[in-house]
Amino acid sequence: MPLTYFEKTTETRSVAEALRHDGAVVVTDIAEPGLVDTIMEELRPRLEKSGLDTRGDFNGDRTLRVEARVLCTAPSAADLVDHDLVVRVADEILLPHCAAYQVGSMSAIELLPGTVCSGIAPGRFPLPDPERRDGASDRGHVGV
Numbered sequence: 012m013p014l015t016y017f018e019k020t021t022e023t024r025s026v027a028e029a030l031r032h033d034g035a036v037v038v039t040d041i042a043e044p045g046l047v048d049t050i051m052e053e054l055r056p057r058l059e060k061s062g063l064d065t066r067g068d069f070n071g072d073r074t075l076r077v078e079a080r081v082l083c084t085a086p087s088a089a090d091l092v093d094h095d096l097v098v099r100v101a102d103e104i105l106l107p108h109c110a111a112y113q114v115g116s117m118s119a120i121e122l123l124p125g126t127v128c129s130g131i132a133p134g135r136f137p138l139p140d141p142e143r144r145d146g147a148s149d150r151g152h153v154g155v
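Printed below as a string of C-alpha cells:
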C-alpha cells in the first residue's frame with residue numbers, strides 16, 4: 012500500500028481521514044529547517060552508546076534505537092510531538108473517544124547502511140528515505 016503524502020499546510024480533516032484509512036501518512040516539511048539536525052545531534056551520544064542494545068530477531072541488527080526517554084535525550088523532539096498539525100490530527104482522531112490522551116511511547120530509529128526496510132507494520136515505522144532510489148535510509152527518523 013503506498014503512503015499518502017501531504018504538505019504541512021493540508022487541512023487537518025484530510026490528513027486524519029487518510030490516517031484512519033491507511034494507518035499511516037507522511038507530512039512533508041513539518042520540521043522547521045535545522046530541527047532534524049538538532050534532534051539527531053541530541054540523540055547521537057545515546058545512539059552511539061546504547062543504540063544496538065535492542066538487536067534481535069524483531070529489530071534486526073542494522074538499526075540504532077532509542078526506545079525510552081526520547082524527550083529527555085532529545086528535548087527538541089517536543090517541537091514535532093507538539094506541532095499544531097500533529098496535535099489537531101490526534102485531537103480529531105482520539106478526542107471523540109476519550110476525554111484526554113497522552114503520548115505513551117516514542118522511539119528514535121536510525122537505519123544503518125545495508126538496512127532492508129520492512130515497510131509499515133504494527134509497531135515498526137522506519138520509513139525509507141524517498142530521496143534514495145534503493146529505498147534505504149541513512150537518516151534517523153523520529154516517529155510522531
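Take any residue in the sequence shown, note its place counting from 1, add 11, and you have its number in this note's numbering. Glycine included, each C-beta is placed from N, C-alpha and C at the ideal position. Fair warning: this is a prediction, and the values are worked out from it, not measured in the lab.
Residue range of the beta strand (DSSP E) that includes residue i
{"i": "L75", "result": "T74 to V77"}
Terminal residues of the alpha helix (DSSP H) in which residue i lies
{"i": "E52", "result": "L46 to S61"}
{"i": "E18", "result": "Careful: E18 lies outside any alpha helix (DSSP H), inside the beta strand (DSSP E) at T15 to E18."}
{"i": "R80", "result": "Taken as a continuous stretch (DSSP letters only), R80 belongs to no alpha helix (DSSP H), as it is neither H nor E."}
{"i": "E22", "result": "Run containing E22: none; DSSP gives neither H nor E here."}
{"i": "R66", "result": "First-last for R66: undefined, no H or E at that position."}
{"i": "A89", "result": "A89 to V92"}
Straight-line Cα distance separating residue j from residue i
{"i": "L30", "j": "V114", "result": "17 Å"}
{"i": "T65", "j": "M51", "result": "19 Å"}
{"i": "E18", "j": "D72", "result": "33 Å"}
{"i": "A110", "j": "P124", "result": "43 Å"}
{"i": "H94", "j": "A35", "result": "17 Å"}
{"i": "L63", "j": "S118", "result": "13 Å"}
{"i": "I41", "j": "D48", "result": "14 Å"}
{"i": "V100", "j": "V26", "result": "7 Å"}
{"i": "E22", "j": "L96", "result": "9 Å"}
{"i": "R135", "j": "G45", "result": "Residue confidence for R135 is low, a pLDDT of 42 falling below 50, so the modelled location carries little weight and cannot support an answer."}
{"i": "P133", "j": "F69", "result": "Low per-residue confidence applies at P133: pLDDT is 48, beneath 50, and the placement is therefore not dependable, though the value from the model is reported in the following sentence. So the two alpha carbons sit approximately 12 Å from each other."}
In DSSP terms, what residue i is bridged to
{"i": "V36", "result": "T15"}
{"i": "G71", "result": "G67"}
DSSP three-state assignment for residue i, whether helix, strand or coil
{"i": "I120", "result": "strand"}
{"i": "D102", "result": "helix"}
{"i": "T126", "result": "coil"}
{"i": "V97", "result": "helix"}
{"i": "E43", "result": "coil"}
#### Entry: Segment contact flag, the segment 54-63 with the segment 76-96, C-beta cutoff 8 Å, min 3 pairs
yes
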